[in-house]
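**Student:** Every number in the working numbering is 17 more than the matching position in the sequence shown, counting from 1. Glycine included, every Cβ here is placed at the ideal spot set by N, Cα and C.
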Amino acid sequence: MNRQKSFSPDVMGCLYLVPTPIGNLEDMTFRAVRTLAEVDIILAEDTRHTQKLLNHFDINTSQMSFHEHNTRERIPQVIEMIQSGKTFAQVSDAGTPSISDPGFELVQACIEQDITVVPLPGANAGITALIASGLVPQPFYFYGFLGRQKRERKEQLALLKSRPETVIIYESPYRLKECFNQISEVYGREQEVVLCRELTKKYEEFIRGTAEELVELVHEEDLKGECCILIGAKTAQSLQSIADNSDDEQLLALSIEEHVQHLIDTDGLSQKDAIKKVAKDRSLRKQEVYSIIHQ
């Protein structure tokens with residue numbers, strides 16, 4: 018068991034998790050500004066980006082880079098410095114650290130070493146989008162970024178379809194067409210969706226409609242900026258429909274290799290018969306499935 022009293026007088030070095038604005042700099046809290054000014058070092062996802070924020074608030078604290086490509090190298094260094102009494106603040110380029118951004122591994126490492134981790138409240142794109150979306154706000158399910166490959170995204174959406182909550186997804190503006198095509202395909206053309214882009218910025222926009230309407234829009238207009246997609250919560254009728262087809266949906270959400278192995282392990286089929294059944298279930302030729310299994 019790990020029990021932390023964040024503001025004990027015995028606390029020496031510690032790690033502060035400091036959210037930064039997702040667009041509008043006025044969303045920076047007084048406490049966040051003070052913390053960044055008082056700590057010894059700021060861990061930044063992109064030091065050049067964070068320096069603009071520091072300049073705006075006249076903060077002169079030193080920075081150290083901390084991103085997905087140097088995590089293994091940085092964590093031991095940071096832990097050693099905190100244990101020597103240094104205080105750190107971690108920030109991402111925008112929003113809250115660890116939420117679809119670097120930070121989780123460092124938090125785990127600090128907890129393992131009994132180092133105090135203090136979170137500050139602040140900006141988060143998913144919650145900001147949700148409260149103005151017009152969709153049922155709770156319960157909600159935050160997924161973050163979908164995979165980049167078409168098949169991977171479709172498999173993830175198939176799993177998300179079985180969830181009853183409003184679903185929050187982050188997506189690159191360069192993949193909006195493919196993403197809404199797949200949402201319409203997996204969830205159905207009448208699925209209620211909301212596209213939120215450029216949150217808190219001058220060109221903030223909420224586009225509310227059906228999956229089919231959003232498919233048409235993103236093919237007609239080249240939408241730019243940071244994007245957040247919300248998929249409306251299920252009705253009782255749609256949940257029953259999903260429950261009736263849950264086994265098939267879950268199997269189709271597996272990769273082809275996993276689907277074949279599942280039939281071998283669970284149904285006792287030979288590999289030949291499992292390949293034949295997977296091909297039939299997925300409307301593929303047996304040769305296609307065979308070549309994937311034996312690559």
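Straight-line CA distance for Arg192 to Ser115?
**Tutor:** Approximately 23 Å between the Cα atoms of the pair.
**Student:** For Arg214, which three-state DSSP category applies?
**Tutor:** Strand.
**Student:** If we call anything under 8 Å between Cβ atoms a contact, is Val382 one with Lys167?
**Tutor:** Residue 382 falls outside the range modelled here, since the chain spans only 18 to 312, and no answer is possible.
**Student:** Starting from the Cα of Leu269, find the closest Cα among Val56, Glu237, Asp239 and Gln173 and give me that residue.
**Tutor:** The candidate whose alpha carbon is nearest that of Leu269 is Gln173.
**Student:** Per the DSSP calculation, Arg180 is bridged to which residue(s)?
**Tutor:** DSSP output for Arg180 lists no bridge partner at all.
**Student:** Give me the DSSP bridge partner(s) of Phe105.
**Tutor:** Answer is Leu32 and Ile58, bridged to Phe105.
**Student:** Check the Cβ-Cβ distances between Gln155 and every residue of chain C, and say whether any is below 8 Å.
**Tutor:** The structure shown contains no chain C; it holds only a single protein chain.
**Student:** Starting from Gly226, trace the beta strand (DSSP E) in both directions and tell me its first and last residue.
**Tutor:** Here the beta strand (DSSP E) through Gly226 covers Glu222 to Thr227.
**Student:** Going by Cα to Cα distance, which pick from Asn87, Arg302 and Ser272 is closest to Leu176?
**Tutor:** Among Asn87, Arg302 and Ser272, the Cα nearest to that of Leu176 belongs to Ser272.
**Student:** Nearest to Lys69 by CA position, among Asp110, Val56 and Glu188, is which residue?
**Tutor:** For the residues Asp110, Val56 and Glu188, the minimum Cα distance to Lys69 belongs to Asp110.
**Student:** Looking at the strands, I want to know which residues DSSP matches up with Tyr187.
**Tutor:** Looking at the DSSP assignment, Tyr187 forms a beta bridge with Phe162 and Cys245.
**Student:** By alpha-carbon positions, which one of Val277, Ala146 and Ala250 ends up nearest to Lys218?
**Tutor:** The option with the nearest alpha carbon to Lys218 is Ala146.
**Student:** Helix or strand or just coil, what does DSSP make of Thr46?
**Tutor:** Thr46: coil per DSSP, three-state reduction.
**Student:** Tell me the rounded alpha-carbon separation between Ser287 and Lys171.
**Tutor:** Answer to the nearest angstrom: the Cα atoms are 28 Å apart.
**Student:** Tell me, please, whether the segment 209 to 227 touches the segment 153 to 161 by the rule of three or more beta-carbon pairs shorter than 8 Å.
**Tutor:** The segment 209 to 227, when compared against the segment 153 to 161, does not touch it at the 8 Å Cβ threshold.
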